[in-house]
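In our numbering, the protein residues as written are -7 to 167. In this text, a Cβ means the ideal position worked out from N, Cα and C, and glycines have one as well. This report refers to the structure that appears directly beneath it.
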């Protein structure tokens, strides 16, 4: 379970307790649209693998979404590159459809960050397309966007974590 923050902080000018939500509470309440999403880069099923790889390299993308008539039909990620392309005898002119993951797990604007994290954990995903009610991709929820959200909302807890879970410091900030 996620670490809990204290349930109260003090208002500095009134010295009165102010209720503060835990990390878990915020993740259960906040919608995925509160994250800073990566842009959704769509390619067609027929786009050649070599062209997709070059675009991913040039634009420093971790994934591209495969779309048909603006609807998400697949996803091709850097993990697919490693597992299906690197070291394999593949034709770079082959359509990306042959290498994509079809019917990827998606999230919608009303979904909570907690749900996106659960889906990522259970499926081993690092990227989830965010789609609108018509199935059009509106952005990519990434592990990085969730980490950035946590760091912005809980900087003390995130930045003071030791490098190893079993490590403790004798003084704050490692001093």
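Per DSSP, residue i forms a beta bridge with which residues?
i, result
"residue 63", "60"
"residue 23", "104"
"residue 36", "Partner(s): none; residue 36 has no beta bridge."
"residue 91", "None, per the DSSP bridge assignment."
"residue 131", "122"
"residue 69", "55"
"residue 77", "Answer is none; residue 77 lacks a bridge partner."
"residue 99", "122"
"residue 30", "132"
Between residue i and residue j, what straight-line distance do the alpha-carbon atoms span, to the nearest angstrom?
i, j, result
"residue 40", "residue 58", "12 angstroms"
"residue 127", "residue 142", "28 angstroms"
"residue 35", "residue 52", "15 angstroms"
"residue 134", "residue 115", "13 angstroms"
"residue 101", "residue 76", "31 angstroms"
"residue 26", "residue 69", "23 angstroms"
"residue 106", "residue 61", "30 angstroms"
"residue 49", "residue 37", "19 angstroms"
"residue 44", "residue 145", "35 angstroms"
"residue 121", "residue 96", "8 angstroms"
"residue 137", "residue 80", "32 angstroms"
"residue 147", "residue 90", "42 angstroms"
"residue 16", "residue 140", "15 angstroms"
"residue 219", "residue 46", "Residue 219 is absent from the structure shown; the chain starts at -7 and stops at 167."
"residue 109", "residue 71", "18 angstroms"
"residue 92", "residue 31", "18 angstroms"
"residue -5", "residue 14", "With a pLDDT of 44 at residue -5, under the threshold of 50, the predicted position of this residue should be treated as unreliable, though the coordinate-derived value follows. Cα to Cα, the separation comes out at about 8 angstroms."
My guess is that residue i and residue j are in contact by the Cβ rule of under 8 angstroms, so how many angstroms apart are they, rounded?
i, j, result
"residue 33", "residue 56", "5 angstroms"
"residue 123", "residue 111", "13 angstroms between Cβ atoms; not a contact."
"residue 24", "residue 129", "Between residue 129 and residue 24 the Cβ distance is about 13 angstroms, and since that is not below 8 angstroms, they are no contact."
Going by Cα to Cα distance, which pick from the options is closest to residue i?
i, options, result
"residue 29", "139, 131, 69, 149", "131"
"residue 73", "54, 64, 85", "54"
"residue 42", "136, 87, 108", "87"
"residue 66", "82, 94, 85, 45", "94"
"residue 104", "15, 14, 19, 82", "19"
Quick check on the DSSP output: the alpha helix (DSSP H) that includes residue i runs from which residue to which?
i, result
"residue 137", "135 to 145"
"residue 84", "Taken as a continuous stretch (DSSP letters only), residue 84 belongs to no alpha helix (DSSP H), as it is neither H nor E."
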